[in-house]
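Here's the structure we're looking at; comments come further down.
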Amino acid sequence: MARYAAATALATSLAFVLASAGSAFAQTPTPAKPQDRMVVDARELVYDNDKKTVSAVGDVQILYQGRTIEADKVTYDQAGKRVVAVGNARITEANGTVITGDRFNLTDDFRDGFIDSLRVVNPDRTRFTAPRAERTDGETFIFEKGIYTACEPCKENPERPPLWQVRSARIIHKKAEQTIYYEDARLEFAGVPLAYIPYMSGPDSTVKRKSGFLSPKFLNTGPLGYGIGLPYFLNLAPNYDLTITPTYLSRQGLLGQVEWRHRLMNGSYTIRASGIFQQEKEAFLAAPLGAGDDSFRGSVQTNGRFFINPRWTFGWNASMSTDRWFYKNYRILNESVSATTYLQEAISTAYLNGQTATGWFDMRGYYFQPLTSTDWQKQQPVVLPVIDYNKRVHKPSFLGGEITINANVTHLTRDAAAFSQLPRQTNFLYTGTTSTNVGYSLYDGCAVYQKNTCLVRGLAGNMARATAEVSWRRNIIDPLGQVWTPYASVRADIFSVNPDTTGYPNSNVRTIVDTSDEVFGRAMPAIGLMYRYPFVAKTNWGTHIIEPVAQIVARPNETNSLRVANEDSQSLVFDANNLFEWSGKFSGYDRVEGGTRANVGALYTGRFGKEAFANLLLGQSYHLGGRNSFATGDLVNTGLDSGLQTDTSDIVARAQFSPLKGLFFTGAARLNSTTFEAQRIDAAATYATSVITAAVGYGRYEPQPELGVFRRREGLSLNGSLLVTPNWRLRAGVLFDLDKYKYDREIRIAQYTSWMASPTTIAQPRYVDSRLMQTASTSFGINYTDECTVFDVSYSQSYADRQSGATKDTRTVMFRLELRTLGEISYSQNLDGSTVGDGVTSSTR
């Protein structure tokens, strides 16, 4: 009762004073709103009539206007209209911010005042500390000798400095502006000053989008020199913004970049543009190997996606540049770029897509821009449109099973025909020297344009195809548990081929293929049956399922394989994944499997305990009748050297095994049916836990001379990472080229042969010590991550690659530091390296 009485008395006194202040401005008193009512809880109440103070003493807690004040003692000075809280003083704001200090001296509405030994913890776990702070206008905090950090204090030693903090002469937090200002600041790591900043500002934790400068970007390359970019973000509206990034480069001048983002009710789109007037053009190779002849270089990129309704979307992802080397030379981010060791190009596409639970439609177009000097733009197709439609009908009443409808329409055009020489590439369409006397040999050609010595990768002119296919299949299980799957399909294709034979090199196609304009059709019905009979056995160490599988599919002979411009079926890999493929083993629509073929195999699946499992598939394919589609080469010899070109195919196998959680082995192979020599091997082993990850990969592919691959390809990769501490992780990787020594040997023989023929005019070649396991690339790095910091340093080296044409190693160091709430700094540096076709002169490496 005494505690309740004390609390009531103090609340009444404070409420009376606050109400009295308001009565001077209103003649009719207004009942206090619920959020304005004050609730006070304390052990005792002390009145001092002489000093006109009222004090709440002992575990004081006051609730007022969404704030909670806690202290050992709270005194209200009626004359000065001040509230003083001492002893474990603490204020909890309505938004969750917690303010603690030794002594609070506040106005009677708790909005303004002074705080000694201040500590502020915001809802996002950012922290401010200061010996003394002042709050004015209820929204501006001024921290004298303030410290800011987003790091958690050390649990074992809270007084230890955090990993990083900003120590400033004054920190001013203006809530109305949602901005924090730092004056005379320095950035400290583990208490050690590392950077001095006279003045800086940034948004507070409540800001999601705000105009201002972003973290700077640094770069350094030979042709560009040292560079720094300072992005400025313009928050124009809640749904659109603009980022302008001027970047100064010591050798090339000012690079301008701008990015526009716009979000609408049903989607969003982005537009990026970049441009520069080069100051030192000689840092780049002259045409056609580089852009050293160009004064202005730039690019435009855009992407977007919009939802018409829940089932239909349309969008695009497109990019164009003044030259093919611009993105790489100036480190321009491009989401349209597809880059691998052998393929570097920018792919632009626009699409319309619709889908339901049983149907799918897609219509799009493609434009390809090569990004190296080894590819010719005129040989790249413009594909417009590509239309795909798929519809599945489950359990039709008159048949059961499932009916599938597939349709595809493709049209493309190309300016120049593309060739590949057999058995190896030695001739090129264009040779010469640049204006700076640099020799070049560009764009694949053939010494003799005949079918057995030259492949046509793509015809010039216009090619179109329309395909429609209807198929049906059904699983039937008999009383013995045998599974019978009957299958039937019919497919029709219409081709329109209009080759362009005008101009060089298009005229050379005449000696290889019929170049007359044609419209022709092709029909391919098929019937088939698959048989499976699973045998199940249980032992004390696991459950085993052995399932023999046999499939037979009968089709008429494939027609017009030499008249078809094979554009989408060039990639054929015969393995266990497509052994039982109903629609055939070709990868696209331009080629179709013909004849009668039987596919047989056996599948094993085992389960051992709760975690371990294994499965194995072993099979083979037999050509039983008609013409073997894989023994008849088309314009690119697809099917030859595939393992399917003989009546009895190679043997294919696939295995997976996991003896325990986190450890996984996989393997796939294709073996010669007579000698059992491996024609293709893919193997990998992975192990992953929260502490360590490790992966080993091996690949070996025998030569395919009919396809222009005259040397074995073999490689070994090792990758792994180790969590040293809860915050530190190491990672490393290496790729070995296991047959490069053969290439080095061939080059050495050719060089010595040339030297022996002209020893007085050609320098004697230097001997190269070739090793069996030569490194193709290496990488290693270290990463630190905690609640407030991400730090990452990595080094990578890609060694000179004979197939991509690079003559020097590419060595790159990358650095990234992210401080939560402050920003991110990243930096990459090429160390005396180059990449294939990058258009940079050797003097600027």
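Numbering (this note's numbering), first residue to last: -4 to 840. In this text, a Cβ means the ideal position worked out from N, Cα and C, and glycines have one as well.
Would you identify the three-state DSSP class for residue i, choosing helix, strand or coil?
{"i": "residue 352", "result": "coil"}
{"i": "residue 705", "result": "coil"}
{"i": "residue 745", "result": "helix"}
{"i": "residue 625", "result": "helix"}
{"i": "residue 479", "result": "strand"}
{"i": "residue 504", "result": "helix"}
{"i": "residue 549", "result": "strand"}
{"i": "residue 700", "result": "helix"}
{"i": "residue 768", "result": "coil"}
{"i": "residue 385", "result": "strand"}
{"i": "residue 44", "result": "coil"}
{"i": "residue 169", "result": "strand"}
{"i": "residue 740", "result": "helix"}
{"i": "residue 373", "result": "helix"}
{"i": "residue 323", "result": "helix"}
{"i": "residue 532", "result": "strand"}
{"i": "residue 679", "result": "strand"}
{"i": "residue 577", "result": "coil"}
{"i": "residue 519", "result": "strand"}
{"i": "residue 33", "result": "coil"}
{"i": "residue 727", "result": "strand"}
Give me, in chain order, the residues of the same chain whose beta-carbon lies closer than 7 Å to that of residue i; leave out the 5 immediate sequence neighbours on both sides.
{"i": "residue 736", "result": "765, 766, 767, 769"}
{"i": "residue 82", "result": "66, 67, 68"}
{"i": "residue 199", "result": "168, 173, 174, 175"}
{"i": "residue 568", "result": "none"}
{"i": "residue 243", "result": "222, 223, 249"}
{"i": "residue 441", "result": "414, 416, 422, 448, 449"}
{"i": "residue 532", "result": "539"}
If you drop the 5 nearest sequence neighbours on each side, which residues of the same chain put their C-beta closer than 6 Å to that of residue i?
{"i": "residue 820", "result": "210, 812"}
{"i": "residue 399", "result": "387, 466"}
{"i": "residue 413", "result": "374, 452, 453"}
{"i": "residue 404", "result": "382, 461"}
{"i": "residue 145", "result": "121, 783, 815, 816"}
{"i": "residue 599", "result": "541, 611"}
{"i": "residue 677", "result": "663, 694"}
{"i": "residue 734", "result": "707, 709"}
{"i": "residue 472", "result": "478"}
{"i": "residue 297", "result": "266, 313"}
{"i": "residue 34", "result": "58"}
{"i": "residue 718", "result": "686, 724"}
{"i": "residue 55", "result": "37, 66, 69"}
{"i": "residue 406", "result": "459"}
Closest to residue i by CA distance: which of the options is it?
{"i": "residue 143", "options": "665, 172, 178, 109", "result": "178"}
{"i": "residue 278", "options": "287, 240, 401", "result": "287"}
{"i": "residue 631", "options": "561, 498, 619, 698", "result": "561"}
{"i": "residue 433", "options": "402, 390, 285, 360", "result": "285"}
{"i": "residue 212", "options": "48, 38, 225", "result": "225"}
{"i": "residue 135", "options": "110, 171, 311", "result": "171"}
{"i": "residue 280", "options": "486, 430, 633", "result": "430"}
{"i": "residue 475", "options": "111, 526, 444, 788", "result": "526"}
{"i": "residue 92", "options": "118, 435, 84", "result": "118"}
{"i": "residue 50", "options": "74, 59, 80", "result": "80"}
{"i": "residue 270", "options": "292, 635, 516", "result": "292"}
{"i": "residue 673", "options": "681, 688, 691, 646", "result": "646"}
{"i": "residue 470", "options": "523, 428, 206, 822", "result": "523"}
{"i": "residue 160", "options": "446, 625, 181, 621", "result": "181"}
{"i": "residue 358", "options": "376, 351, 352, 384", "result": "384"}
{"i": "residue 818", "options": "786, 713, 538", "result": "786"}
{"i": "residue 845", "options": "283, 428, 301, 535", "result": "No answer is possible for residue 845: it lies beyond the span of the chain, which begins at -4 and ends at 840."}
If I measure Cβ to Cβ from residue i and keep anything under 8 Å in the same chain, skipping five residues before and after, which residues do I get?
{"i": "residue 77", "result": "71, 100, 101, 102, 103, 108"}
Say whether chain D places a C-beta atom closer than 8 Å to the C-beta of residue i.
{"i": "residue 317", "result": "The displayed structure is made up of one protein chain only, and chain D is not part of it."}
Taking contact to mean 3 or more Cβ pairs, one atom from each stretch, closer than 8 Å, check whether the stretch 184 to 195 and the stretch 146 to 162 are in contact. yes
If contact is defined by three or more beta carbon pairs under 8 Å, each pair taking one atom from either stretch, is the stretch 489 to 497 in contact with the stretch 551 to 570? yes
Ordered list of beta strand (DSSP E) runs contained in the stretch 62 to 126, each at least 3 residues: 62 to 72, 77 to 87, 93 to 102, 108 to 116
Can you confirm whether the stretch 645 to 664 touches the stretch 577 to 595 when touching is taken to mean that 3 or more C-beta pairs between the two stretches lie within less than 8 Å? no
Which runs of the beta strand (DSSP E), 3 residues or longer, sit entirely within the stretch 205 to 278? 212 to 216, 220 to 224, 227 to 232, 235 to 244, 248 to 259, 262 to 272
Using 8 Å as the cut-off, can you tell me whether the stretch 389 to 398 makes contact with the stretch 338 to 347, which would need three or more C-beta pairs spanning the two stretches below that distance? no
Whether or not the stretch 364 to 372 and the stretch 307 to 321 are in contact is what I'm after, with contact meaning three or more pairs of Cβ atoms, one per stretch, closer than 8 Å; do they touch? yes
Scan the stretch 601 to 652 and note each continuous beta strand (DSSP E) run of 3 residues or more that stays entirely inside, going in chain order. 607 to 620
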